[in-house]
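These notes are about the structure you will find just below.
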Amino acid sequence: MLSVIYLVRHGQASFGSADYDVLSELGYRQAALVGAELRARGVRVDLAVSGTLRRQRETARAALAAYAGAAPAAGPAAPGGRAARPAASAALGSPVAGAGAPAGTGLAVANGAAGPDVTAGPDVTDGQDVTDGQDGLGVAGWAGEVEPDARWNEYDQDWLIDRHADIGDVPAAAERLPPSRGMSSRAFQGLLDVALSEWVSRTDTGPGSFVAFSDGVGDALDGLVRRLGSGGTAVVFSSAGPIGAVCARLLGLGADGLVSLNRVMINGGISKIVSGRSGTSLISVNEHSHIDAAGREFLSYR
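Its first residue numbered 3, the sequence shown is counted upward by one per residue in my numbering.
As structure tokens, then:
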């Protein structure tokens with residue numbers, strides 16, 4: 003039997019704020035839509051993994067709570083101050099165990115095992131690498147744990163732009179704001195595209211290199227495939243960079259292809275990988291019909 007791995011991009015973060023690494027109100031809604039979509043598909047989650055960045059962990063919690071049948075978290079509102087559409091909660095059904103919910107059993111999730119002891123270097127983490135002092139991230143309403151694995155963390159976008167894009171005269175460090183706080187999202191994306199292209203094309207292999215980043219994500223994926231064995235299913239909550247790197251790797255794309263994938267990754271998008279006797283293959287990239295169905299105001303890229 004084929005094993006299946008779903009790669010989920012985190013919900014919208016807080017671009018331009020003092021702390022980017024926090025889900026916005028829209029981000030929580032997008033995460034709930036992801037959980038409702040997995041539930042609607044009848045996905046049986048045997049193993050759940052998340053990067054250790056806050057936005058990834060918050061997405062995992064909100065998505066898996068929705069997957070388990072819990073109502074979306076109170077507080078986050080729909081964009082524009084309007085009441086949230088009922089699509090997500092209506093798809094969730096009853097939170098009562100056994101009332102149409104997929105069976106969440108198997109592998110390390112059922113046993114609450116901790117994730118691998120992996121720590122990313124400072125050059126490949128976009129945000130603070132924290133796990134709230136937990137080996138696993140408990141999710142209310144879901145029987146399993148979410149294993150933290152820093153190999154699924156995003157690269158540091160501001161670090162890349164500072165080192166790999168020409169941003170003109172740079173003020174003294176004490177007077178500077180990181181690029182993500184000093185420009186529009188469109189301008190930031192343009193600089194990020196340039197920085198990514200330069201970073202990906204380099205052949206150095208040390209800490210902070212793209213080779214090290216890509217190899218780390220590839221090792222994380224290979225480890226999941228081995229653990230799932232035949233017929234298992236995993237859901238990974240990550241970011242555009244690691245997901246794009248995995249997809250580009252499986253498709254045999256070069257630097258340009260990876261940058262193009264990275265640019266169009268939707269918040270809450272789902273990519274699907276299957277593995278069997280013939281190897282590991284990418285089946286779909288950036289699925290987001292569950293986001294489109296909720297309304298155009300739920301669509302975001304950063």
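No residue lacks a Cβ here, since even glycine has one placed at the ideal position from N, Cα and C.
Everything numeric in this text was worked out from a predicted model, so none of it was measured.
Quick check on residue i: buried or exposed, where buried means 16 or more other Cβ atoms within 10 Å of its Cβ?
i	result
D21	exposed
D151	buried
A65	buried
E299	exposed
D224	exposed
R41	buried
P244	buried
T207	exposed
R228	exposed
L253	exposed
Does chain B have any CB closer than 7 Å to the CB of residue i?
i	result
Y303	The question asks about chain B, but that chain is absent: this structure has only one protein chain.
Can you tell me the Cα-Cα spacing of residue i and residue j, whole angstroms?
i	j	result
L263	A214	19 Å
R46	I293	21 Å
L284	V266	17 Å
T61	S5	23 Å
R165	G192	15 Å
N269	L35	11 Å
T205	L255	16 Å
D217	S19	31 Å
Please tell me whether residue i and residue j are closer than 7 Å, where the distance is taken between their beta carbons.
i	j	result
A68	G37	yes
R59	D23	no
N155	G233	no
I272	V10	yes
W201	F212	yes
A197	A242	no
So, with DSSP's three-state summary, where would you put residue i?
i	result
G281	strand
E299	helix
Q235	According to the sequence displayed, residue 235 carries Thr and not Gln. Residue state, collapsed to three classes: strand.
Y157	coil
R229	helix
A15	coil
P150	strand
Y8	strand
S199	helix
A50	strand
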